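In terms of full-length UniProt numbering, the sequence shown has 280 at position 280, counting the first letter as 1, and numbering is strictly consecutive. Backbone N, C-alpha and C define an ideal beta-carbon position, used for all residues, glycine too. The structure presented is a predicted model; accordingly, all values stated were derived computationally and were not measured. See structure below.
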Amino acid sequence: MKKILVLISISFLVMAFAITPYPIDGYERTGIKRLKRLELIQSGELKDATALPLGALKSWEAISLNLASRKDDSLETFFHVDHGLQREIGGMFRGLDRSYSIAVLDISNPDSTRYAQRNETLGYQPGSVGKLAVLNALFHQLSKIYPDSFEQRIELLKNKSVKAGVWGLTDEHTVPIFNIEKNTLVKRQVIASDVFSLFEWADHMLSVSNNGAASIVWREALLMSVFCEKYPELTKEEADAYFKETPKKLLTDMANDIVNLPLRQLGITHEEWRLGSFFTGGANTYVGDKGGSIGTPLGLMKFLVQLEQGKVIDEASSLEMKRLMYMTDRRIRYAQSPSLKEAAVYFKSGSLYKCDRSKGEECGKYMGNVMNYMNSIIIVEHPDNCKYIVALMSNVLRKNSASDHMYLANLIDRAIRKG
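Structure, rendered in structure tokens:
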């Protein structure tokens, strides 16, 4: 545990930096302007002091699905506990309470996977990990608009631009805005007048975990479900009129179904993973909360396994969502582990904390004394073909658990490699 304490100061420094998914050669494909900047830095045309880790240099075409060969296999076939791996994982938490829960799947050999778990059905507030459900909803609706053409889905993501409005307000997380003509980068909070493509909003939602972007992507998925094939030409005025004229309860029910029903279709139950509210107060102008939000390691693992199988909507959608999870810049929390420096990582982190200062206890950002949720989901791909999936959730009060997750990442990596 001494190592955990030593790493706390490091985590505070790193958490200030953004994490940026999608391969850096993806600008032409996606139109995400931030990627053009990374491309220029890699080519030497722009100077930047930050060197990308080796694991962040994959081409978008080099990313693949690890379990596509087992697309026809049921989820149950992946969740038979391997006693050796279970012993290793269980030993990491010996003597600790139920504040940690985890599911681990070694997929180095797709035909002979190994699984371990601990408190895997224990539910937590998922925080920003829940944004993956919004991403899933977006791609689910795209598949309905263009059922026979994935290329048209990509074109819509790239070419359809939408305005933030009040839905993007408010969030302390900044977004990177790169001016291609001037080669300048500005990082600031989303404002109501901001306009980005669907691809860029999805990137902001995952890369810097911007809450406003998540609410906007969720809003657009809702509009897709309502207007269907008319959505590509939908104007802001038409969208605004729809939200003003539609009863709030109806919008709430619809929005809830749009993110949660696709999870049920994947065999993820209501108690394993659900979203109950938008990510910003601005969105609550039109849509209310319903049912609360919860996540479990098992529910999240079910999603990631099927993503690797190519079963989240379809194989092309699964692959594109995985690309959007690929980290190509600063790594935080679990993903910051030195053990993963040369690995490709596909990652989402989430946290939620609450302080009661009347108790006279130490309490602060990511160090809640009422609740202190820290969640990490990750797909790791080492160059030597060591590959695995982890869903780790914790609620350890009064300490910054980012360093715990980073320390556990080292131990888990070591356990997987012991074979």
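ALA241 classed as buried or exposed, judged by whether at least 16 other C-beta atoms fall within 10 angstroms: exposed
Continuous beta strand (DSSP E) stretch holding MET374: start and end: 371-381
Sufficient close CB pairs (3 or more, under 8 angstroms) joining the region 224-238 to the region 59-66: no
Delimiting residues of the alpha helix (DSSP H) encompassing THR174: From DSSP, THR174 is part of no alpha helix (DSSP H); its letter is neither H nor E.
For SER193 and PHE278, believed in contact at Cβ under 8 angstroms, the rounded distance: Wrong, their Cβ atoms sit about 20 angstroms apart, outside the cutoff.
VAL370, buried or exposed, once every other Cβ within 10 Å from all chains shown has been counted against 16: exposed
Beta strand (DSSP E) runs contained entirely in the region 52-135, provided each spans 3 or more residues: 100-106 and 114-118
ARG414 versus ASN395: straight-line alpha-carbon distance, rounded: 24 angstroms
Selected residue, minimal CA-CA separation from MET205, among LEU85, ALA133, VAL312 and ASN183: ALA133
Contact the region 64-71 vs the region 298-308: 3+ CB pairs below 8 angstroms: yes
Unbroken alpha helix (DSSP H) run spanning THR252, endpoints: 248-265
Buried/exposed call for ASN119, threshold 16 Cβ in 10 Å: buried
ILE102 and VAL390 closer than 8 angstroms at C-beta: yes
Start-end ranges of the alpha helix (DSSP H) lying completely within the region 131-162, minimum 4 residues: 131-145 and 150-159
Beta-carbon proximity of ASP289 to GLY276, cut-off 8 angstroms: yes
Distance between LEU263 and HIS270 (C-alpha atoms, nearest Å): 9 angstroms
Buried versus exposed, by CB contacts within 10 Å (16 or more), HIS173: buried
Nearest candidate by alpha-carbon position, reference THR121, set SER143, MET393, LYS244 and PRO338: MET393
Rounded straight-line distance, which links the Cα of HIS405 to that of GLN336: 9 angstroms
Straight-line Cα distance separating SER209 from MET92: 29 angstroms
VAL259 and TRP218 closer than 8 angstroms at C-beta: yes
Integer-rounded CB distance, given that GLY350 should sit under 8 angstroms from VAL129: 4 angstroms
Boundaries of the beta strand (DSSP E) in which SER351 is found, first to last residue: 344-354
Where the beta strand (DSSP E) containing LEU185 begins and where it ends: 184-188
DSSP three-state assignment for ILE412, whether helix, strand or coil: helix
Simplified DSSP assignment, three categories, for SER394: strand
Residue(s) in a DSSP beta bridge with SER197: SER161
Of the residues PHE303, ASP253, SER318 and LEU223, the one placed nearest GLY291, counting alpha carbons only: ASP253
Close Cβ partners of PRO110 (< 8 angstroms) along its chain, the five nearest in sequence each way excluded: ASN66, LEU67, SER69 and ARG70
C-alpha distance - ILE378 paired with ALA409, whole-angstrom precision: 10 angstroms
Under 8 angstroms between C-beta atoms of ALA344 and GLY26: no
Nearest neighbour of LEU222, chosen from LEU135, MET325, GLU381 and LEU266 [CA to CA]: LEU135
The region 356-373 touching the region 170-185, judged by at least three CB pairs closer than 8 angstroms: no
For ASN385, three-class secondary structure by DSSP: coil
Short Cβ contact (8 angstroms threshold) for THR328 with TRP167: no
Opposing strand residues paired with ASN284 [DSSP bridges]: For ASN284, which the question treats as bridged, DSSP gives no partner whatsoever.
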